[in-house]
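Q:
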Amino acid sequence: MTIRPAVAAELPGLQALELAAGELFRGIGMNDIAEHPPPPLETFEHARQAGRLWVITGADDRPVGFVLVEIVDGAAHIEQVSVHPEQQGRGLGRALIDHVVSWAAAQGLPTLTLSTFREVPWNAPYYARLGFVELSRAELTSGLLAVLAAETAFGLDPATRVFMRRPAVGQ
């Protein structure tokens, strides 16, 4: 497997990959999340042009996972990380996150943040195993509060969400 920057021609495929990964939520009764549309192509393209969209590829150099990062209040905020269901359980998500940790450290960003579902096994419990710790409401920066507001406006119940942080390599 190789991690590299995404190329423009791959962006529609990343949308399809996100939809496939989202199907896992259907199995735990979260149909509304499974049916959530993927990020628009413009979102992927903006992150790609900014150098904050990476894919992990198989032997055929086709993406089987991706991570999209934004900068929020001086931290590398993992906006989305997805791995195709057929490829899950092989450490690809961990590899993508490790890539972001190294990238953030090289950029001088001291931490990574993300928001995720508190109770979904492949969400908050998974990230905790990767060294992320839950942030209290008082620890949320203005940018993270804006993320929470956007998620709430989108229809996500804030009681089901958790914000997490971990230091970048060398910090």
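Take the sequence shown: its position 72, counted from the start at 1, is 117 in this note's numbering, and no numbers get skipped.
Note that CB positions come from ideal geometry on N, CA and C, so glycine has one too.
Just so you know, these numbers come straight off a predicted model, no measurement behind them.
Measuring straight from C-alpha to C-alpha, what distance separates isoleucine 73 and alanine 204?
A: Sequence index remark: in the sequence shown, residue 73 carries index 28 (1-based). Sequence index remark: in the sequence shown, residue 204 carries index 159 (1-based). If I take the Cα positions, the gap works out to 17 Å.
Q: Mind checking glutamine 125: buried by the 16 CB within 10 Å criterion, or exposed?
A: In the sequence shown, the residue the question calls residue 125 occupies position 80. Burial call: buried.
Q: Three or more C-beta pairs under 8 Å: does that hold for the region 46-53 against the region 100-119?
A: Yes, they touch.
Q: Terminal residues of the continuous beta strand (DSSP E) containing leucine 98?
A: Taking the sequence shown and counting its residues from 1, one reaches residue 98 at position 53. Where leucine 98 is concerned, the enclosing beta strand (DSSP E) stretches over 98-102.
Q: Which runs of the beta strand (DSSP E), 3 residues or longer, sit entirely within the region 119-164?
A: Qualifying beta strand (DSSP E) stretches, in chain order: 120-128 and 156-162.
Q: With DSSP collapsed to three states, give me the class of arginine 211.
A: In the sequence shown, the residue the question calls residue 211 occupies position 166. Strand at arginine 211.
Q: Can you round the beta-carbon distance between aspartate 118 and threonine 186 to whole angstroms, since I take them to be within the 8 Å contact cut?
A: Looking up residue 118 in the sequence shown gives position 73. Looking up residue 186 in the sequence shown gives position 141. Their Cβ separation, rounded to whole angstroms, is 4 Å, which keeps aspartate 118 and threonine 186 in contact under 8 Å.
Q: What do you get for arginine 182, buried or exposed, if any count of 16 or more other CB atoms within 10 angstroms of its CB means buried?
A: Walking along the sequence shown from the start, residue 182 turns up at place 137. Exposed.
Q: If we ignore side chains and look at the alpha-carbon of each, how far apart do isoleucine 142 and valine 207 end up?
A: Position 97 of the sequence shown, counted from the first residue, corresponds to residue 142. Position 162 of the sequence shown, counted from the first residue, corresponds to residue 207. Roughly 18 Å separates the two Cα atoms.
Q: Nearest to alanine 213 by alpha carbon, out of Val100, Asp202 and Ala149?
A: Residue 213 sits at position 168 when you count from the first residue of the sequence shown. Residue Ala149 is the option with its Cα nearest to alanine 213.
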